[in-house]
Amino acid sequence: MYVPPEWPAEVRPPSVPDWETSAVAWLLDAVPPDYRSYEVLRRHPIALARMATYHVNSAIEAARAGYRGAAVDLKGHLPPHVVEAVLDVYREEGPRLVRLSRAIDAVERALRGETFTATLRRPR
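Taking the numbering used here, I'd label the letters of the sequence shown as residues 2 to 125.
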């Protein structure tokens with residue numbers, strides 16, 4: 002079975018029996034640890050995926066805001082090379098969170114029953 006490029010390696014393909022178990026484990030790693038204590042999220046992966054989407058999207062917005070304000074907020078409190086290192090963290094973390102968001106979306110779509118098909122794209 003085809004899975005899209007954003008499909009997380011830690012989650013078995015939807016064609017594999019009991020693939021949802023790997024999806025739940027992976028989704029739980031994408032949210033705060035306290036979410037593990039909620040039985041409803043482990044029993045209903047679509048609900049967990051929705052909450053993971055909101056959580057990660059909020060983290061993306063927080064990282065963007067942090068990046069925009071870091072130089073001003075930290076200037077005078079940290080040496081310039083440290084401020085630049087903090088900005089480097091945001092430059093890495095932002096894209097990682099966006100990839101995670103796309104992976105969560107793919108898993109949620111599969112949990113909702115969507116099947117994926119490969120499509121050929123013409124070069125532009």
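Virtual Cβ for every residue (Gly too), placed ideally from N, Cα, C.
Close beta carbons around residue i, own chain, < 8 angstroms, minus the five adjacent residues each side
i: Y3; result: F117, T118 and A119
i: R37; result: L29 and R43
Bridge partner(s) assigned by DSSP for residue i
i: L79; result: K76
Where residue i sits in the DSSP three-state scheme
i: D19; result: coil
i: V57; result: helix
i: G70; result: helix
i: G114; result: coil
i: A48; result: helix
i: E11; result: coil
i: A31; result: coil
Residues of its chain near residue i, where Cβ-Cβ distance is below 6 angstroms and the 5 sequence neighbours each way are ignored
i: Y39; result: none
i: P15; result: A111
- Contact the region 98 to 106 vs the region 55 to 64: 3+ CB pairs below 8 angstroms: yes
- Task: State whether the region 22 to 41 contacts the region 64 to 78, with contact taken as three or more CB pairs (one from each stretch) at a distance under 8 angstroms.
- Result: no
- Message: Measuring CB atoms only, is the region 104 to 116 touching the region 38 to 51, in the sense that at least three cross pairs come out at less than 8 angstroms?
- Response: yes
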